[in-house]
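Residue numbering for the sequence shown follows my numbering, beginning at 114 and increasing consecutively.
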Amino acid sequence: MSYALIIPIYNEEDTLPQLLDDLKLVHQDAQIIIVDDGSTDETNTILNDASGINVLAQETNHGKGAAIRAGLERVEKDLVIIMDGDLEVSVDDIPTLLQHFKNNNNPMAVIGVRWQGNQKRSLSINALGNKFLNSCFNFLFSTSFTDILCCFKAMPKDLIKSFELQSQGFGIETEIMANIALRNIPFQEINI
Numbered sequence: 114m115s116y117a118l119i120i121p122i123y124n125e126e127d128t129l130p131q132l133l134d135d136l137k138l139v140h141q142d143a144q145i146i147i148v149d150d151g152s153t154d155e156t157n158t159i160l161n162d163a164s165g166i167n168v169l170a171q172e173t174n175h176g177k178g179a180a181i182r183a184g185l186e187r188v189e190k191d192l193v194i195i196m197d198g199d200l201e202v203s204v205d206d207i208p209t210l211l212q213h214f215k216n217n218n219n220p221m222a223v224i225g226v227r228w229q230g231n232q233k234r235s236l237s238i239n240a241l242g243n244k245f246l247n248s249c250f251n252f253l254f255s256t257s258f259t260d261i262l263c264c265f266k267a268m269p270k271d272l273i274k275s276f277e278l279q280s281q282g283f284g285i286e287t288e289i290m291a292n293i294a295l296r297n298i299p300f301q302e303i304n305i
């Protein structure tokens, strides 16, 4: 299945070599777009040696949302996958994500979940913060999402562009999920 993969990055010199190596496993028909959002480390130097990848370098840091919107402007495929470049999620999960678009009951959006609802999570500040924000979101939107802040999502290009996204920073994750909730977009969550 043909798709575009948008990966916003900022100062990822430590994880970028592994990410570029992992991206060699991505299907050859995929359009890979890495948006370097004004990195100040060696990210740009590392990206100069990358082949088979569309690199969009922004001179200054505008935020994750701005980077994703810039990547969306370059998409040539009908299906868009968005994932972070910090290795929290893996390209190994892309085939599982794509399988949900091939099934008979096609969802309009597939959302990654870093943990299942009944799975125990660590009691770190980040885990507690994610749980709190997820609960607030579900309360406000009368939804039952498991992990609204997971940085691994897929949907048709026309759908995500219709959201007319505005967020500059990390709020883009919540803005996408709010659009899915408010429009009653059929979705599937997958454990990654």
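All residues carry an ideal CB built from backbone N, CA and C; glycine is no exception.
The beta carbon of Gln279 sits closer than 8 Å to those of Gly178 and Glu288, all from its chain and outside the five residues before and after it, given in chain order. Assignment of Leu138 by DSSP, reduced to helix, strand and coil, places it in the coil class.
Per DSSP, Asp271 is one residue of the alpha helix (DSSP H) stretching across Lys270 to Ser275. For the region 132–180, the continuous beta strand (DSSP E) assignments of 3+ residues that do not extend past its boundaries occur at 144–150 and 167–171, in sequence order. Its Cα nearest to that of Asn167, the residue Glu189 stands out among His213, Glu189 and Ile285.
The three-state secondary structure of Phe283, taken from DSSP, is coil. Nearest to Glu277 by alpha-carbon distance, out of Ser115, Pro121 and Ala183, is Ala183. Take Ser275, set aside five residues on each side of it, and no residue of its chain has a beta-carbon closer than 7 Å to its own. By the Cβ neighbour-count rule, Thr156 is buried, with 16 or more other Cβ atoms within 10 Å of its own.
Taking every protein chain shown into account, the CB of Leu253 has fewer than 16 other CB atoms within 10 angstroms, so this residue is exposed. Along the region 190–260, the beta strand (DSSP E) occurs as fully enclosed runs of 3 or more residues at 192–196 and 222–226, listed in sequence order.
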